[in-house]
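Residue numbers (this note's numbering): 232 to 458.
No residue lacks a Cβ here, since even glycine has one placed at the ideal position from N, Cα and C.
To start, the structure itself, in structure tokens.
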Amino acid sequence: MKGNKGFTLIELLATIIILSVITIIAVPAVNRSIKNAKEKLYQVQISYIEAGAKAWAAENVFSLPQEHDESLTLTLGQLKMGGFVEFDIRNPKTKELFPNDMEITITKYNNTYIYDVIEDSGNPNNDLDITLPTIELVGNALEYVNVGEPFIDPGVIAKNSAGVIFDIDVCDDCFEKTIYNILGETVDENNFTNTAGQYTIKYIVKQADGKTATAIRTVWVRAVPTP
């Protein structure tokens, strides 16, 4: 009876080499497929946020920019507060929550509006929203004022995670308000309306455990037409 013949050393080495080549070819292909799938899911989420901004715009028509090339900025947290996007919206690439202070701009271009999610904006934060404070604008997300006229800030309503309202007028360490010009430079709250242009007011509330919430208001200071 003839016995079974095993692999020779050369055959074994050849098999190992073939398997190695297959692995070298297959693993990058699989990784690319996974990466492409995550990128597609990511774009779906970005489109979902844009759709939320469009839904916000449909309900806040009178807050939209009025002139060509004017824009306003919202945060993802503001869209969540309004019920325009789900609270648990995650980045498929990192599996972490999109930051609540991620910014979304709405810009008027001729007779239409352009919606843009600023993907690299916001501070990484994977806290569930039920543990975070909330902040909501009083008045509109976009305000207009003429050059030289004072801007009366309608303010915000801020609450901690338990729903208790902050007294932001007396709480120096729990509330921060900063005004920026179009270049991202901070400006004086008392005289920024002396110069025409777009300004962003960023409100940040911080509760005792250090967790924060952010809201944004856009202010357009318009030049007064010459008679």
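According to DSSP, is residue 352 helix, strand or coil? Three-state DSSP puts residue 352 in coil, outside helix and strand.
Helix, strand or coil, according to DSSP, for residue 360 in the structure here? helix
Close Cβ partners of residue 381 (< 8 Å) along its chain, the five nearest in sequence each way excluded: 424
By DSSP's criteria, residue 322 is part of a beta bridge. Which residues make up the other side? DSSP lists 327 as partners of residue 322.
Would residue 364 and residue 331 be called neighbours here (beta carbons separated by less than 7 Å)? no
Using a Cβ-Cβ cut-off of 6 Å (strictly less than) and excluding sequence neighbours within five positions of residue 432, which residues of its own chain qualify? 410, 448
Tell me the residue span of the beta strand (DSSP E) that contains residue 433. 428 to 437
For residue 368, the nearest candidate out of 393, 408, 354, 321 (CA to CA): 408
Which value, in whole angstroms, describes the spacing of the CA atoms of residue 385 and residue 327? 34 Å
Going by DSSP, what residue range makes up the alpha helix (DSSP H) through residue 311? 307 to 312
Assign residue 456 to buried or exposed, taking buried as 16 or more other Cβ atoms, counted over all protein chains shown, within 10 Å of its Cβ. exposed
Please identify the residue among 370, 443, 335 whose C-alpha is closest to the C-alpha of residue 360. Residue 360 has its Cα closest to that of 443, out of 370, 443, 335.
Through-space distance from residue 269 to residue 239, alpha-carbon basis: 44 Å
Hey, quick one: how far does the beta strand (DSSP E) through residue 406 stretch, first residue to last? Per DSSP, the continuous beta strand (DSSP E) segment holding residue 406 begins and ends at 406 to 411.
Buried/exposed call for residue 416, threshold 16 Cβ in 10 Å: exposed
Boundaries of the beta strand (DSSP E) in which residue 414 is found, first to last residue: Looking at the DSSP string, residue 414 is not in any beta strand (DSSP E), and its letter there is neither H nor E.
Three-state class that DSSP yields for residue 391 in the structure shown: coil
Could you say which of 402, 422, 428 lies nearest to residue 414 if we only look at CA atoms? 428
Residue span of the beta strand (DSSP E) that contains residue 368, given as start and end: 365 to 368
Identify the residues that DSSP records as bridge partners of residue 287: which are they? Bridge partners of residue 287: none, in fact.
Who are the near neighbours of residue 324 in its chain, counting only those whose CB is closer than 8 Å to its CB and skipping five residues on each side? 269, 270, 273
Let's see if you can read the secondary structure: which residues bound the beta strand (DSSP E) around residue 339? 334 to 340
Which of the three DSSP states is assigned to residue 281 in this structure? helix
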